[in-house]
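This report concerns only the one structure given below.
Protein chains in written order, with the working numbering: chain F, 1 to 281; chain Z, 1001 to 1281; chain A, 2001 to 2281.
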């Protein structure tokens, strides 16, 4: 089952590069450039626009909408709701990255409001953010996952339960990224063991992951597969970046550059050769 | 005529590095960092400021004003008009990058309002954006040029006509960038055949091009020449970046870094050695 | 005394990497990504959040607050005051980067308002900005230091006086960065002679310096030492980046990448081996 899923993802990437879908982002100013570049690198087309005056028109031209709460404000929150509702009307998938949910009541409240009013395809967050959305107690510290939330093997069973249950409750795919990434639609659950600890040394890797998930959702309406594809694309590219990093004795600055290089060079065969996934139904 | 223009541009670059003009940007948050770095790399000084409270003061200290509609909002639109009018009063050249004009009515309307109220030195856009401003039917898709608008040799005659006619109509220089770039003030038209397809794999290359045009306009009041200089500076640097890319077997992440490296290393002689232009009067 | 200070800073870096403090930034969209990456590279955790709705909660989770006036607007100015006052209540150090103070009355006025209402730990600026805050005549040109303000040996005595006097007047540490950096709390003054002229070819190096100062203030309440540590960390990393640049024959694009690489690789011993400081009491 794992091999057939990796082959399927390989085909989806080929299709993505043919279709070059436009992916609308309402996102933060810290990592917007990285998100735009990662979407271009994989072969699609990003558009960042967040004014209430135009988000409905922009989303109507797009194949997916990525909502990222990174540097949330009143104006962008209004645009997120407007664009999200319009996307729902048009059947365009909406992907939510609830950056910092649980860290402040404003972010938790806004995430909640979006979840109540917009039908989502995928929510991707770290363990703290997903716990916050599930209404569980999370030890949140800023926008990064707290260490006690990292998915050690011990925590995996617990994490899977949260993922599956939240997915069933909200009726959308939940993706929890960490040492092991977990993706579930409440029936099928995928565990991904690719990646590298360098991801936590660079800003925007979570945001880029969500952007790639959105890009795959634009061309694949099986959102568990699409979310897994987005995560695999970034994680495998990260592993390749680390290999280059080791050769050149570099650090987190070069990692960021090599990561985009690797996404740019990613081919379907990479999923098949390198993907480390487990699928449980 | 071509050689004398390239020699002239070579001299303008030397002067630019001496004068180090301050270039005021009212721009988007996706590529602001790239624009600031490209202006520094060529030897000038960028300042990004977009609050209505201060844009008049900032533009008064500057030698050129770059207006970029990338992530337009109500506040920045107000600032664009205010700063543009002030620049006109003071005789400071204003350069417009109508990012996404034609994609949404908000952007088309704002571009129109700026054109009506501010005397522009140069408008630089891709074919879709320029068509939108000319009131022609463009097949717009987000903020990138649609493929059918790319300037193949077949389309060149058509593109030149749009460029020349719009330039005459608006009384400013029009620069259409694509496979072949076209710059016209309605009398003199320059065709530029430098560049590389890697430019479309990285966000912000259009914005950086406009920033360099603005930087050359700050030290050269022949705006056809200044706009050609800005385009040539970026395109030649891009070709050098691609050469380095090939040597190092890298991708779009490294392209972005090498592009800035190449702008930093650009010398007058590069225009003369590498510039591929045709001038028609 | 110099050696003992460098040893102390070496220990503080070790502690910083253990504690991984959260550093709240209210900053500009041009260099936010660089600031986030430099804070991650040194081993701490950045959070950028600027909406009045949530800044008090965010700062309450943090160990330091960095206020940067880079792309100031009405909303962020309100947040700066709110977060600053909250930080004061909680005893969290507040670091101000008065980008462009003196260039516009809006920036000078906002800097003044923050200084009047928030007890600051450190103010870091270039000579023009610090002069503006001191109420002296500065020849300001945009957001970069004007050339006549660069600290040549001739100007050093004059610069030290401004630094010491302003520090006494405001009761906080003043850090003036330039060819020679000067840090004073009105009693102890540190001169730092590390760095490289490449710093002025890249946007955000001043902002990154302030972010590192904030990060050290998060784990060290001797703010002269913390500010010196932040400056040394960036300057020494810059020197290492330039060494790599020379080997690879690159420019300002690579400098930015190598700078983050070098901060990522920085160890306590680097301060002891490379730090060029003079301390006067």
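Even for Gly, the Cβ is constructed at its ideal location relative to N, Cα and C. The structure presented is a predicted model; accordingly, all values stated were derived computationally and were not measured.
- Scanning its chain for C-beta atoms nearer than 7 angstroms, with the 5 sequence neighbours on each side dropped, one finds around residue 2114/A the residues 2067, 2080, 2081, 2084, 2096, in chain order.
- Taking 8 angstroms as the threshold, the shortest C-beta distance from residue 2048/A to chain F falls below it.
- In the assembly as shown, residue 129/F is a buried residue. Its beta-carbon has 16 or more other beta-carbons within 10 Å.
- Contact annotation: in the region 2070-2090 of chain A, residues whose CB is within less than 8 angstroms of a CB in chain F are 2075.
- The Cβ of residue 2033/A sits closer than 8 angstroms to at least one Cβ of chain F.
- For residue 2201/A, the chain Z residues whose C-beta falls within less than 8 angstroms of its own C-beta are 1040, 1041, 1264, listed in chain order.
- Per DSSP, the beta-bridge partners of residue 1184/Z are 1174/Z, 1189/Z.
- Proximity to residue 1249/Z across 250/F, 49/F, 258/F peaks at 258/F, based on C-alpha coordinates.
- For the region 92-118 of chain F, the set of positions with a beta-carbon nearer than 8 angstroms to some beta-carbon of chain A reads 100, 103, 104, 105, 106, 107 in chain order.
- The DSSP assignment places complete alpha helix (DSSP H) segments of no fewer than 4 residues inside the region 2088-2126 of chain A at 2105-2117, in order along the chain.
- The C-beta distance from residue 1202/Z to residue 1255/Z rounds to 6 angstroms, short enough to fall under 8 angstroms.
- A Cβ-Cβ distance of about 20 angstroms is found for the pair residue 2042/A and residue 2245/A, leaving them out of contact under the 8 angstroms criterion.
- Annotation for residue 208/F: the continuous alpha helix (DSSP H) segment containing it runs 205-217.
- Within the same chain, 224, 279, 280, 281 come within 8 angstroms of residue 188/F by CB-CB distance, once the 5 residues on both sides are set aside.
- Between residue 2026/A and residue 103/F, the C-beta spacing is not below 8 angstroms.
- Judged by their CB atoms, residue 2124/A and residue 2210/A are nearer to each other than the 8 angstroms cut-off.
- Distance between residue 87/F and residue 45/F, taken at the CA atoms: about 17 angstroms.
- For the region 1168-1192 of chain Z, the set of positions with a beta-carbon nearer than 7 angstroms to some beta-carbon of chain A is empty.
- Contact annotation for residue 258/F against chain Z: 1250, 1251, 1253, 1254 [CB-CB distance below 9 angstroms, chain order].
- Following the DSSP letters along the chain, one finds residue 68/F inside the beta strand (DSSP E) bounded by residues 64-68.
- Here residue 2216/A is near residue 2012/A, since their CB atoms are less than 8 angstroms apart.
- Between the alpha carbons of residue 2006/A and residue 2015/A lies a gap of roughly 14 angstroms.
- Within the region 1009-1065 of chain Z, the runs of beta strand (DSSP E) at least 3 residues long that lie entirely inside it are, in chain order, 1022-1026, 1045-1048.
- Non-local C-beta neighbours of residue 3/F in its own chain, meaning closer than 8 angstroms and more than five positions away in sequence, comprise 272, ordered along the chain.
- Just so you know, the alpha carbons of residue 1076/Z and residue 2070/A end up roughly 15 angstroms apart.
- Residue 1273/Z has a beta carbon lying at 8 angstroms or more from every beta carbon in chain A.
- Under the Cβ criterion of 8 angstroms, residue 261/F is counted among the residues facing chain Z.
- Counting along the chain, residue 280/F sits inside the beta strand (DSSP E) bounded by residues 277-280.
- In the structure shown, the three-state DSSP call for residue 1001/Z is coil.
- The closest CA to that of residue 212/F, considering only 31/F, 8/F, 227/F, is found on 227/F.
- At least one CB of chain F lies nearer than 8 angstroms to the CB of residue 2036/A.
- In terms of beta-carbon proximity, residue 66/F stays away from the interface with chain A, with every pair separated by 8 angstroms or more.
- Restricting attention to 1277/Z, 1052/Z, 1091/Z, the CA atom closest to the CA of residue 1180/Z is found in 1277/Z.
- Excluding five sequence positions before and after residue 1156/Z, the CB atoms of its chain that fall closer than 7 angstroms to its own CB belong to 1180, given in chain order.
- Residue environment analysis places residue 1243/Z among the exposed positions, since fewer than 16 neighbouring C-beta atoms fall within 10 angstroms of its C-beta.
- Residue 1033/Z places its beta carbon less than 8 angstroms from that of residue 2033/A.
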